[in-house]
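Visitor: This is the structure I want to talk about, given as structure tokens.
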Amino acid sequence: MRQAAPENKPCKFCQKSFEPNRDWQDFCPGDKCRNAYHSIRRNFVAAFNVLAAEVSETAKSKGWKKSNDAEGLMLMVAELGEACTALRHGNPADNKIANFSGVEAELADVIIYIMNYAMLREYKIAEAVVAKIEFNKTRPERHGGKLF
Ligand SMILES: [Mg+2]
Ligand SMILES: [Zn+2]
303 MRQAAPENKP CKFCQKSFEP NRDWQDFCPG DKCRNAYHSI RRNFVAAFNV
353 LAAEVSETAK SKGWKKSNDA EGLMLMVAEL GEACTALRHG NPADNKIANF
403 SGVEAELADV IIYIMNYAML REYKIAEAVV AKIEFNKTRP ERHGGKLF
């Protein structure tokens, strides 16, 4: 079945109204805007990888060695648990970085663990994030009728 053509919408870069080919297309096909679309993704990957290297250096300098796979993954789960605990207490300011709530700080920990994990195992996580963002746009409603 052919899908209805998506409505016109403003380009996220130049704000001009355009008719997207797919309803998730955020940038008009102009060269500048298409390049913006790609450079945002390239910059994300580059920034993630630079920060991941920094995270890994800091961890090493603090005496942390590469943990095994189960430990590495479980530490991420533990940080999610800390985020949940912060919510149970009303999400107060974090006690280490007081400008941020507990949930913000604990989810930051998850990402930091992911960065170190990616770095130590040479996983292309940032690239996978970009690929998955695009893939998710192609999935059916509720990914084929899942309940939640
Ligand atoms: Mg934590
Ligand atoms: Zn544009």
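Residue numbers 303 to 450, in our numbering, belong to the letters of the sequence shown in order. All residues carry an ideal CB built from backbone N, CA and C; glycine is no exception. Computed from a predicted structure; not experimentally measured.
(1) Indicate whether Leu389 and Val405 have their beta-carbon atoms separated by less than 8 Å.
(2) Residues in the same chain with beta-carbon distance under 7 Å from Ala355, minus the five sequence neighbours each way, listed in chain order, please.
(3) Answer yes or no: the CB of Phe437 versus the heavy atoms of ligand 2, is any distance below 7 Å?
(4) Under 8 Å, Cβ to Cβ, is there at least one residue of chain D near Ala338?
(5) Using a Cβ-based criterion (distance less than 7 Å to any ligand heavy atom), does Lys318 qualify as near ligand 2?
(6) Can you check the stretch 391-425 for any alpha helix (DSSP H) of at least 4 residues that lies completely inside it and give the ranges in chain order?
(7) Please state whether the Cβ-Cβ distance between Ala385 and Asp396 is less than 8 Å.
(8) Phe329: beta carbon under 7 Å from a heavy atom of ligand 2?
(9) On the CB-based measure, 16 or more other CB atoms within 10 Å of its CB, does Ile435 come out buried or exposed?
(10) Whose C-alpha, out of Leu409, Trp326, Lys426, is nearest the C-alpha of Phe437?
Guide: For this structure:
(1) Yes, Cβ-Cβ distance for Leu389 and Val405 is below 8 Å.
(2) Cβ within range, chain order: Met421.
(3) False, no ligand heavy atom lies under 7 Å from that Cβ.
(4) Chain labels in this structure do not include chain D; a single protein chain is all it has.
(5) Yes.
(6) Considered as a whole, the stretch 391-425 harbours 404-423 as its complete alpha helix (DSSP H) runs of no fewer than 4 residues, in chain order.
(7) Their beta carbons are not under 8 Å apart, which means Ala385 does not touch Asp396 by this criterion.
(8) For Phe329, the shortest separation between its Cβ and any heavy atom of ligand 2 lies below 7 Å.
(9) Answer is exposed; the Cβ neighbour count stays below 16.
(10) The option with the nearest alpha carbon to Phe437 is Trp326.
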